[in-house]
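Chemist:
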Ligand SMILES: NC(=O)c1ccc[n+]([C@@H]2O[C@H](COP(=O)([O-])OP(=O)(O)OC[C@H]3O[C@@H](n4cnc5c(N)ncnc54)[C@H](OP(=O)(O)O)[C@@H]3O)[C@@H](O)[C@H]2O)c1
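Residue numbers (our numbering): 106 to 386.
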């Protein structure tokens, strides 16, 4: 069962799962607003509806992707997003069959974003409503869920990703793009994230991983890297500042994934290699 099936990562995951395990039965779950005929559409904030669905379908694995990741919206509407960003995870944990494994996507926003390079063992200190609900979900899963994998990721890029598509759209024609110089993150190539999600479905231990690119960049550097890959001049990317924008974006959200890479025998992709993979050149 995949929640958030109509979302950016959900759509990619459905495709990857269908390719890797074509014989598996997939239960794609979307919201009542989601586009897609083949989805089971429910509000995951509705406890009774979630319990009914899990009772009926008896999933062996649940990848819980549904959520509202709009930082500003979550900040202004904490009560409204709590059912989906926090309570849905608790309901799933309580309702899922004992032998079912939960894979939960958490975020670099569990950290305060002041110093960056956060390892799996660093103490979270979320500074946002979105990050607080992710951290609370993690703790709840670790306390009450029998079989789970928590994956913290950030800045996932691939076809359909919001930041990536915005850079591409802005650079169309004679367009220019303006990107922040004063916030760093570790962009995550979606192919790496999908590979890890698929591999942990069959794990027999409970773990918390960091899945993120190996190199930290500013949004400005990311936009320049996209421009270069498109064969465009970097001068079409203008510098801007979070400080002037009034937006809720910390200075350095980058994740350190050394332990996860060693543990899973993985290599994660830097932006120089990852952007051409997404653009297909
Ligand atoms: N993308 C990233 O860089 C990133 C980084 C770290 C963590 N994550 C986490 O990864 C997960 C997936 O991210 P994404 O980028 O794929 O997000 P997304 O594109 O915004 O997809 C989220 C999905 O959740 C669904 N949803 C929202 N509220 C719902 C509700 N009440 N009931 C049922 N479904 C609901 C949405 O349905 P609609 O079709 O109605 O929109 C949407 O399809 C999220 O939990 C996010 O916090 C993402």
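Glycine included, each C-beta is placed from N, C-alpha and C at the ideal position.
1) Just to confirm my understanding: we take residue 281, look at its own chain, exclude 5 residues before and 5 after, and list those with CB closer than 8 Å. What are they?
2) Give a yes or no on whether the minimum CB-CB distance between residue 262 and chain D is below 7 Å.
3) Is residue 206 near ligand 1 - that is, is its Cβ less than 6 Å away from at least one heavy atom of it?
4) Beta carbon of residue 353: closer than 6 Å to some heavy atom of ligand 1?
5) Going by other Cβ atoms of all chains shown within 10 Å of its Cβ, with 16 needed for buried, is residue 266 buried or exposed?
6) In its own chain, which residues sit with a C-beta less than 7 Å from the C-beta of residue 251, not counting the 5 before and 5 after it?
7) Using 8 Å for Cβ pairs, my map puts residue 109 next to residue 154. What's the rounded Cβ distance?
8) With DSSP as the reference, identify every bridge partner of residue 206, one or two as the case may be.
9) Indicate whether residue 224 and residue 358 have their beta-carbon atoms separated by less than 7 Å.
10) Using 10 angstroms around the beta-carbon of residue 327, count the other beta-carbons present and answer buried if the total reaches 16, otherwise exposed.
11) Return helix, strand or coil for residue 299, following the three-state DSSP convention.
12) Considering only residues of the same chain and omitting the five flanking positions on each side of residue 247, which have a CB-CB separation below 8 Å?
13) Let me make sure I understand the geometry here. Which of 143, 231, 206, 136 has the alpha-carbon closest to that of residue 188?
14) Thinking just about the alpha-carbon of each residue, which of 148, 163, 370, 239 is nearest to the one in residue 131?
15) Assuming residue 233 contacts residue 192 under a Cβ cut-off of 8 Å, what Cβ separation, rounded to an integer in Å, is found between them?
16) Could you name the residues of the same chain whose beta carbon sits closer than 6 Å to that of residue 301, not counting the 5 residues immediately before and after it, in chain order?
17) Do you know whose CA, among 149, 330, 373, lies nearest residue 380's CA?
18) Leaving out five residues before and five after residue 156 in sequence, what residues of the same chain have Cβ atoms less than 6 Å from its Cβ?
19) With which residues is residue 135 paired in a DSSP beta bridge?
20) Quick test of your reading: residue 249 and residue 205, contact by CB under 8 Å. State the CB separation rounded to the nearest angstrom.
21) Does the beta-carbon of residue 172, which I'm using as the reference point, lie nearer than 6 Å to any heavy atom of ligand 2?
22) Report yes if the C-beta of residue 412 is less than 6 Å from at least one heavy atom of ligand 1; otherwise report no.
23) Buried or exposed: where does residue 208 fall if 16 or more other Cβ atoms within 10 Å of its Cβ makes it buried?
24) Express the C-alpha separation of residue 339 and residue 333 in angstroms, rounding to a whole number.
25) Taking the alpha-carbon positions, what's the residue 149 to residue 133 distance?
Modeler: Let me spell this out:
1) So the qualifying residues of the chain are 275, 341, 342, 343.
2) Within the model displayed, chain D is absent; a lone protein chain is all it includes.
3) No.
4) No heavy atom of ligand 1 is found nearer than 6 Å to the CB of residue 353.
5) Residue 266 should be labelled buried.
6) Within the same chain, 203 come within 7 Å of residue 251 by CB-CB distance, once the 5 residues on both sides are set aside.
7) Wrong, their Cβ atoms sit about 15 Å apart, outside the cutoff.
8) Secondary-structure assignment with DSSP links residue 206 through a beta bridge to 166.
9) Remark: C-beta atoms of residue 224 and residue 358 do not approach each other more closely than 7 Å.
10) That one is buried.
11) Residue 299: helix per DSSP, three-state reduction.
12) Leaving aside the five residues that flank residue 247 on each side, the residues in its chain whose CB is nearer than 8 Å to its CB run, in chain order, 253, 255, 311, 313.
13) Relative to the Cα of residue 188, the nearest Cα in the group 143, 231, 206, 136 belongs to 136.
14) Comparing C-alpha distances from residue 131 to each of 148, 163, 370, 239 shows the shortest one belongs to 163.
15) No, residue 233 and residue 192 are not in contact; Cβ-Cβ is about 18 Å, not under 8 Å.
16) Counting only Cβ-Cβ distances below 6 Å, and skipping sequence neighbours, we find 316.
17) Distance from the Cα of residue 380 is smallest, within the candidate group 149, 330, 373, for 330.
18) The answer, listed in chain order, is 200.
19) Paired residues: 146.
20) Cβ atoms of residue 249 and residue 205 stay farther apart than 8 Å, at about 13 Å.
21) Among the ligands in the structure shown, ligand 2 does not appear; only ligand 1 can be found there.
22) The structure shown does not extend to residue 412, since the chain is modelled only from 106 to 386, so the question has no answer here.
23) With 16 or more neighbouring CB atoms inside 10 Å of its own CB, residue 208 falls in the buried class.
24) Roughly 6 Å between the two C-alpha positions.
25) Between the C-alpha atoms of residue 149 and residue 133 there is a straight-line separation of about 13 Å.
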